[in-house]
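Colleague:
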Amino acid sequence: MKSVFFEGINNIGDELNRYIWPHLFKPQEDDISLMAIGTLLDRNFSAQLNTSRHIVVFGTGAGYGTPPEPDERWHFYGVRGLKTCQAMGLDHRLAATDAAYTMATLDWSAIKPETPKDIVVIPHHASLNYIDWETICSHAGLKYLPPTISPVAFFSTLANARLVIAEAMHGAILADIMRTPWISFEYGQQFLGSKWQDWLGMFDMTVAPNRAPAFYDPMFYNQDKSTLFHKNRLLKSKLAHYGIGKAKWRTAMLPHATTSKAGDGLIEFLQMLSTQDGHLSNATAFDNRVSDLYERFHRLARDWNLTLLRSQLDGHPLKLFQQHGFVAPQ
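Letter 12 of the sequence shown, counting from 1, is numbered 12 in full-length UniProt numbering, and no numbers are missing.
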């Protein structure tokens, strides 16, 4: 059994698959694919698994694109939440939680200071192409944490956070796993609210994301187009604020607005969020979800005759990355 996930971006939510599963069971060079952390239940991604004899699903989710149509090769042990069950036409009892919660059994106290001080901002990896988040965060007096850096650097920074402001869902999930309060925010088109609802619903949480100030999204801007073209887009933006047309146009700003103006708005926005209380899943619900997730994993391991290296993740969190040359402190 081999883990499959989105590769090539070095996004922390996807990259965790590279480390977690080799620590839990001995990988096998075979044609059984494990779909775990990430939003992988998408027809385009699933098409890459046409040569897989079996596809084992554990804690992944739907959300992007068209859901796949499972055949006899597919075996479900749990998905991220009820919305994924609905999208895939699965029994509601298959709703578990995000597979990243297998990390909850690690000893996070080994890297968390007694009194964390930083307020950390984790953008979505796609929005790194649009905004100089490092400069924005610096001017806001906040700690910038891109989801594309190495896991060691990512978790070392996250461990020092007393509050996490996340556009990236797995930034919030990992904060929740470390029992660090978090706040979500929405910027541009990469934020997918249904994914968050899928995850949060398993903890009986309803959290409305904070919408960042309007801006003229670079993905829509084209200098070769006429002024009339951009005015038409501006009209779409104004109508969208009244519920007319596509919701994506609510984030549009005047075409002549400068990135510095958008940046000033983001600085004030992040500073405002930094004064708010964060969210955290209920401790009892948290423990129950983690316990249930491991019960599902152990059933999966028995069914597929996996050679377990440990019954659950434990010890120093950064030991997960030893296989890539990092040696955790004693």
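From the three backbone atoms N, C-alpha and C, an ideal C-beta is built for every residue, glycine too.
Small disclaimer: the values here were computed from a predicted structure and weren't measured.
Just to confirm, are leucine 273 and threonine 180 a CB contact at a threshold of 9 Å?
Modeller: The answer is no: Cβ separation not under 9 Å.
Colleague: When the Cα of asparagine 210 is compared with those of Phe269, Ala172, Glu29, which residue comes out closest?
Modeller: Considering only alpha carbons, the answer is Phe269.
Colleague: At which residue ranges does the region 132-216 contain complete alpha helix (DSSP H) runs of 4 or more residues, listed in the order of the chain?
Modeller: List check, alpha helix (DSSP H) in window: 133-140, 151-158, 169-177, 193-200.
Colleague: Specify whether the region 278-296 and the region 193-205 touch according to this definition: at least 3 beta carbon pairs, one from each stretch, less than 8 Å apart.
Modeller: Short answer: they touch.
Colleague: Using 8 Å as the cut-off, can you tell me whether the region 62-76 makes contact with the region 170-178, which would need three or more C-beta pairs spanning the two stretches below that distance?
Modeller: No, the region 62-76 does not touch the region 170-178.
Colleague: DSSP three-state label for proline 218, please.
Modeller: In this predicted model, proline 218 has a pLDDT of only 48, less than 50, meaning its place in the structure is not dependable enough to derive any value.
Colleague: Hey, out of His316, Asn305, Leu318, Phe321, whose CA is closest to phenylalanine 25's CA?
Modeller: Minimum Cα distance to phenylalanine 25 is reached at Asn305.
Colleague: Considering only the alpha carbon of each residue, which of Thr307, Asp118, Ile165, Ala285 lies closest to threonine 97?
Modeller: It is Ala285 whose Cα lies nearest to the Cα of threonine 97.
Colleague: Buried or exposed: asparagine 129, going by 16 or more other Cβ atoms within 10 Å of its Cβ?
Modeller: Exposed, since its Cβ has fewer than 16 Cβ neighbours within 10 Å.
Colleague: Since isoleucine 267 and isoleucine 136 are thought to touch, with beta carbons under 8 Å apart, how far apart are those beta carbons, to the nearest angstrom?
Modeller: Their Cβ separation, rounded to whole angstroms, is 6 Å, which keeps isoleucine 267 and isoleucine 136 in contact under 8 Å.
Colleague: Check for me: the beta strand (DSSP E) holding glycine 59 runs from which residue to which?
Modeller: Looking at the DSSP string, the run of the beta strand (DSSP E) that includes glycine 59 is 54-60.
Colleague: So, for aspartate 31: in the same chain, excluding its five sequence neighbours on each side, which residues have a beta-carbon less than 6 Å away from its beta-carbon?
Modeller: Closer than 6 Å at Cβ, skipping near neighbours: Ser52, Arg53.
Colleague: Please specify which runs of the beta strand (DSSP E), each continuous and at least 3 residues long, are wholly inside the region 59-92, giving them in chain order.
Modeller: DSSP runs (the beta strand (DSSP E)) wholly in the region 59-92: 74-79.
Colleague: Along the chain, where does the alpha helix (DSSP H) that runs through serine 46 open and close?
Modeller: That run of the alpha helix (DSSP H) goes 43-46.
Colleague: For aspartate 118, which residues in the same chain have their Cβ closer than 7 Å to its Cβ, ignoring the five residues on either side in sequence?
Modeller: Counting only Cβ-Cβ distances below 7 Å, and skipping sequence neighbours, we find Lys143, Asn160, Ala161, Arg162.
Colleague: Between Val290, Val121, Val152, Met1, which has its C-alpha nearest alanine 140's C-alpha?
Modeller: Per the Cα distances, Val121.
Colleague: Near leucine 94, what residues of its chain come up, given a Cβ to Cβ distance below 7 Å and the 5 sequence neighbours on each side ignored?
Modeller: These residues qualify, in order along the chain: Phe76, Gly78, Val79, Cys85.
Colleague: Pop quiz: isoleucine 55 and phenylalanine 5 are said to be a contact at Cβ under 8 Å. What is the actual Cβ separation, rounded to whole angstroms?
Modeller: Rounded, the Cβ-Cβ distance is 13 Å, inconsistent with contact.
Colleague: My guess is that lysine 320 and isoleucine 111 are in contact by the Cβ rule of under 8 Å, so how many angstroms apart are they, rounded?
Modeller: Before going on, a small fix: residue 320 reads as leucine here, not lysine. Between isoleucine 111 and leucine 320 the Cβ distance is about 12 Å, and since that is not below 8 Å, they are no contact.
Colleague: Give every residue of the same chain whose Cβ lies closer than 6 Å to the Cβ of leucine 308, excluding the five residues on either side of it in the sequence, and list them in chain order.
Modeller: So the list reads Phe25, Ala301, once near-sequence residues are dropped.
Colleague: Does DSSP put aspartate 287 in a helix, a strand or coil?
Modeller: Three-state DSSP puts aspartate 287 in a helix.
Colleague: Using DSSP with H/G/I as helix, E/B as strand and the rest coil, what is aspartate 14?
Modeller: Residue state, collapsed to three classes: helix.
Colleague: What are the boundary residues of the beta strand (DSSP E) that includes aspartate 118?
Modeller: First-last of the beta strand (DSSP E) with aspartate 118: 118-122.
Colleague: So, with DSSP's three-state summary, where would you put histidine 298?
Modeller: Here histidine 298 sits in helix by DSSP.
Colleague: Output needed for phenylalanine 154: all residues of its chain with C-beta closer than 6 Å, excluding positions within five of it in sequence on either side, in chain order.
Modeller: These residues qualify, in order along the chain: Ile12.
Colleague: Quick check: what's the CA-CA separation for glutamate 15 versus isoleucine 131?
Modeller: Whole-angstrom Cα-Cα distance: 23 Å.
Colleague: Which residues does DSSP list as the beta-bridge partners of serine 33?
Modeller: According to DSSP, which records beta bridges pairwise, serine 33 is partnered with Lys2, Ile55.
Colleague: Below 9 Å between beta carbons: does that hold for aspartate 198 and glycine 81?
Modeller: Cβ atoms of aspartate 198 and glycine 81: closer than 9 Å.
Colleague: Assign histidine 125 to one of two classes, buried (16 or more other C-beta atoms within 10 Å of its C-beta) or exposed (fewer than that).
Modeller: Classification of histidine 125: buried, given that the 10 Å Cβ count is 16 or more.
Colleague: Just grab the DSSP bridge partners of aspartate 308 for me.
Modeller: According to the sequence displayed, residue 308 carries leucine and not aspartate. Leucine 308 pairs with Phe25.
Colleague: Give me, in chain order, the residues of the same chain whose beta-carbon lies closer than 8 Å to that of leucine 90; leave out the 5 immediate sequence neighbours on both sides.
Modeller: Excluding sequence neighbours, leucine 90 sits near Phe76, Val79, Thr84.
Colleague: Using DSSP bridges, identify the partner residues of alanine 95.
Modeller: For alanine 95, which the question treats as bridged, DSSP gives the partners Val79.
Colleague: Based on Cα-Cα distance, which residue from Tyr187, Thr102, Ser156 lies nearest to alanine 166?
Modeller: With distances taken between Cα atoms, alanine 166 lies closest to Tyr187.
Colleague: Look at glycine 8 and leucine 40 and say whether their C-beta atoms are less than 9 Å apart.
Modeller: No, Cβ-Cβ distance for glycine 8 and leucine 40 is not below 9 Å.
Colleague: Closest to alanine 104 by C-alpha separation, out of Ser311, Glu295, Asp287, Arg310, would be which residue?
Modeller: Measuring from the Cα of alanine 104, the nearest candidate turns out to be Asp287.
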